[in-house]
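Counting from 1, one number per residue, gives the positions in the sequence shown under UniProt numbering. Ideal Cβ positions, reconstructed from N, Cα and C, are used throughout, including at glycine. Everything on this sheet refers to the single structure shown next.
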Amino acid sequence: MVTMADVARMAGVSTATVSHVLNGTRPVRARTREQVLSAVAATHYTPNTVARSLATARTTTMGLVLSAISNPYFGELLHGAECAAADAGYTLLLVDPHEDPEYELTVVSRLHHHRVDGVVLAPSARPDEALAYLARHRVPTVLLDRLIDPAHDQVGSENREATAALTGHLADHGHTRIGLVAGLQGLATTVERRDGHRDALVARGLPVDPALEVSGSSSTEGARVATAALLALDDPPTAIVVGNNSMTIGAMQALRAAGLVVPRDVAVAAFDDFAWADLFSPRLTVVAQPFDEIARTAVHLLLARIADPDTPPHTRRIAPELRIRESCGCPP
């Protein structure tokens, strides 16, 4: 089996230099680096990652815990996180807790047993046990998207003001009965977006009517049923704010099934942009989250936490962008 010493002999350098080139632990002159990499290619050397992890107490792996399959937005986060981790020489291990707090604890403990160096977690509606486990075992942790605990590093969008901007924009079009299709109850993002919706109503002297707030459970089918319930009210809303992109699809399905035309009959604005928002007719007015920046920031916060576990935790709010299109009633 080819060893690092064999690579060093062929390259005419020390084994320490080979190690620095492969692990990025110290700058190496460009010419020397080329010699080492040429020797690695010629010998087909494969680093012994198990031995290295035993020596350094690190595995250069990090866990990503998020319900990626059920939410297209989380798929975008996954891509950004994987790219940032790869740039740092880390392998990302993805586990999907399916928004189930009990299974969330299970997958967190499995990642710990696989000796990941840290975990990026999009917490469920009841993450107390999973967070307690991570804290008890001193696993470096960053919370993603759902900001709930300033005792941890965490990063996500600014939700409250952004949703207030959506609702306020509809109110500025003259709508006084604005429905809200909210996300899964208990999620931090659901609470923040609901509060932002109410802020906009209060700021414009409009009543906060609980009958106009329904839960779409953060799913397409849940939103379809919830939107149909709004439309069945004796005095239905003339405009609807939808809390995420999965639910937007369900809301649009319900409107179409009811024979309603957007925005002539009901105006719509939604949280989360997505690739096909421009293909809807009319095009959707949305709040667009900076997916890639959020994911990369989470990975960078985790790398910093791994490097220095005792620094004070950081909370990062990244502003999304309001993209005005036609579904709200604005002209093209």
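* **Opening and closing residue of the alpha helix (DSSP H) in which residue 30 lies** => To locate residue 30, count along the sequence shown from 1; it is residue 30. Per DSSP, residue 30 belongs to the alpha helix (DSSP H) from 30-43.
* Asked: Is DSSP giving residue 306 helix, strand or coil here?
  -> Reading the sequence shown from its first residue, position 306 is the one you call residue 306. Here residue 306 sits in helix by DSSP.
* With a 10 Å radius around its C-beta and 16 neighbouring C-beta atoms as the bar for buried, classify residue 252 as buried or exposed. => In the sequence shown, counting from the first residue as 1, residue 252 sits at position 252. The residue in question, residue 252, is buried, as its Cβ has 16 or more Cβ neighbours within 10 Å.
* Asked: Going by DSSP, what residues sit across from residue 191 in a beta bridge?
  -> Looking up residue 191 in the sequence shown gives position 191. Note: residue 191 sits in no beta bridge, so no partner.
* **CB of residue 288 within 9 angstroms of CB of residue 272, strictly** => Here residue 288 refers to the residue found at position 288 when the sequence shown is read from its first residue. Here residue 272 refers to the residue found at position 272 when the sequence shown is read from its first residue. Yes, these two residues count as a Cβ contact at 9 angstroms.
* Between the beta-carbon of residue 32 and the beta-carbon of residue 117, is there less than 9 angstroms? -> Along the sequence shown, one-based indexing puts residue 32 at 32. Along the sequence shown, one-based indexing puts residue 117 at 117. Contact: no.
* Would you check if the segment 109-125 and the segment 157-169 touch, i.e. whether three or more CB-CB distances between them fall below 8 angstroms? => no
* Asked: Taking residue 381 as the reference, which of 171, 12, 328, 213 has the closest Cα?
  -> Residue 381 is absent from the structure shown; the chain starts at 1 and stops at 332.
* Just curious, the beta strand (DSSP E) that residue 61 is in, first and last residue? -> In the sequence shown, counting from the first residue as 1, residue 61 sits at position 61. Counting along the chain, the beta strand (DSSP E) containing residue 61 begins and ends at 61-65.
* Asked: Assuming residue 80 contacts residue 291 under a Cβ cut-off of 8 angstroms, what Cβ separation, rounded to an integer in Å, is found between them?
  -> As a first step, residue 80 must be located in the sequence shown, where it is residue number 80. As a first step, residue 291 must be located in the sequence shown, where it is residue number 291. Indeed, because the Cβ distance is near 6 angstroms, the residues count as touching under 8 angstroms.
* To do: Note down, in chain order, each residue of its chain lying with its Cβ closer than 6 angstroms to the Cβ of residue 15, except the 5 sequence neighbours on either side.
  => Within the sequence shown, residue 15 is the residue found at index 15, counting from 1. Within the same chain, residue 15 has close Cβ partners 4, 5, 8.
* **Sub-9 angstroms separation of residue 218 and residue 187 beta-carbons** => Taking the first residue of the sequence shown as 1, we reach residue 218 at position 218. Taking the first residue of the sequence shown as 1, we reach residue 187 at position 187. Cβ atoms of residue 218 and residue 187: closer than 9 angstroms.
* To do: Using three-state DSSP, classify residue 174 as helix, strand or coil.
  => Position 174 of the sequence shown, counting from 1, holds the residue named residue 174. If DSSP states are grouped into helix, strand and coil, residue 174 belongs with coil.
* Measure from the alpha carbon of residue 199 to the alpha carbon of each residue in 185, 141, 180, 84, then state which is nearest. => Start at 1 with the first residue of the sequence shown, and residue 199 comes out as number 199. If we check each option's Cα against that of residue 199, 180 comes out closest.
* 4 or more residues per run - each alpha helix (DSSP H) lying fully within the segment 198-283 -> 220-231, 245-257
* Asked: When the Cβ atoms of the segment 224-237 are set against those of the segment 172-179, are three or more pairs found closer than 8 angstroms?
  -> yes
* **Where the beta strand (DSSP E) containing residue 108 begins and where it ends** => What you label residue 108 is simply residue 108 of the sequence shown in a count that begins at 1. Counting along the chain, residue 108 falls outside any beta strand (DSSP E), though it belongs to the alpha helix (DSSP H) covering 101-113.
* Taking the Cβ atom as the reference point for each residue, do residue 65 and residue 101 lie within a distance shorter than 9 angstroms? -> Taking the sequence shown and counting its residues from 1, the one referred to as residue 65 is at position 65. Taking the sequence shown and counting its residues from 1, the one referred to as residue 101 is at position 101. Cβ atoms of residue 65 and residue 101: not closer than 9 angstroms.
* Check residue 81 in the structure and name its three-state DSSP category. => Within the sequence shown, residue 81 is the residue found at index 81, counting from 1. It is helical.
* State whether the segment 200-212 contacts the segment 254-268, with contact taken as three or more CB pairs (one from each stretch) at a distance under 8 angstroms. => no
* To do: Pick out whichever of 323, 301, 325, 307 has its Cα sitting closest to the Cα of residue 314.
  => Here residue 314 refers to the residue found at position 314 when the sequence shown is read from its first residue. When each option's Cα is compared against that of residue 314, the closest is 301.
* State the DSSP-derived secondary structure class of residue 124, mapped to helix, strand or coil. => Along the sequence shown, one-based indexing puts residue 124 at 124. Coil, per DSSP.
* Asked: Are residue 121 and residue 92 closer than 9 angstroms when you measure CB to CB?
  -> Here residue 121 refers to the residue found at position 121 of the sequence shown. Here residue 92 refers to the residue found at position 92 of the sequence shown. Result no, Cβ atoms of residue 121 and residue 92 do not sit closer than 9 angstroms.
* Own chain residues within Cβ distance below 6 angstroms of residue 163, not counting five before or after -> For this step, residue 163 is matched to residue 163 along the sequence shown. These residues qualify, in order along the chain: 193, 196, 197.
* Bridge partner(s) assigned by DSSP for residue 311 -> If you number the sequence shown from 1, residue 311 lands on position 311. Bridge partners of residue 311: none, in fact.
* Asked: In three-state DSSP terms, what is residue 157?
  -> If you number the sequence shown from 1, residue 157 lands on position 157. DSSP places residue 157 in strand when its eight states are reduced to three.
* **Cα-Cα separation, residue 18 to residue 36** => Counted from its first residue, the sequence shown places residue 18 at position 18. Counted from its first residue, the sequence shown places residue 36 at position 36. Those two C-alpha atoms are separated by around 6 angstroms.
* Can you tell which of 10, 89, 62 has its C-alpha closest to the C-alpha of residue 22? -> By one-based count along the sequence shown, residue 22 stands at place 22. Closest by alpha carbon: 89.
* Asked: Straight-line CA distance for residue 330 to residue 165?
  -> As a working note, residue 330 is residue 330 in the sequence shown. As a working note, residue 165 is residue 165 in the sequence shown. If you take the alpha carbons of residue 330 and residue 165, they lie about 15 angstroms apart.
* May I have the straight-line CA-CA distance separating residue 54 from residue 114, to the nearest angstrom? => Sequence index remark: in the sequence shown, residue 54 carries index 54 (1-based). Sequence index remark: in the sequence shown, residue 114 carries index 114 (1-based). Since pLDDT at residue 54 reaches only 45, below the 50 mark, its modelled position is unreliable, and the value read off the structure follows with that caveat. Spanning the two alpha carbons is a distance of roughly 13 angstroms.
* Asked: From residue 28 to residue 297, what distance separates their C-alpha atoms?
  -> Within the sequence shown, the letter at position 28 stands for residue 28. Within the sequence shown, the letter at position 297 stands for residue 297. Those two C-alpha atoms are separated by around 27 angstroms.
* Mind checking residue 249: buried by the 16 CB within 10 Å criterion, or exposed? -> Your numbering for residue 249 matches position 249 in the sequence shown. Buried: at least 16 other Cβ atoms inside 10 Å.
* Asked: Which residue comes first and which comes last in the beta strand (DSSP E) that contains residue 409?
  -> Residue numbering for the chain in the displayed model covers 1 to 332; residue 409 lies beyond these limits and cannot be assessed.
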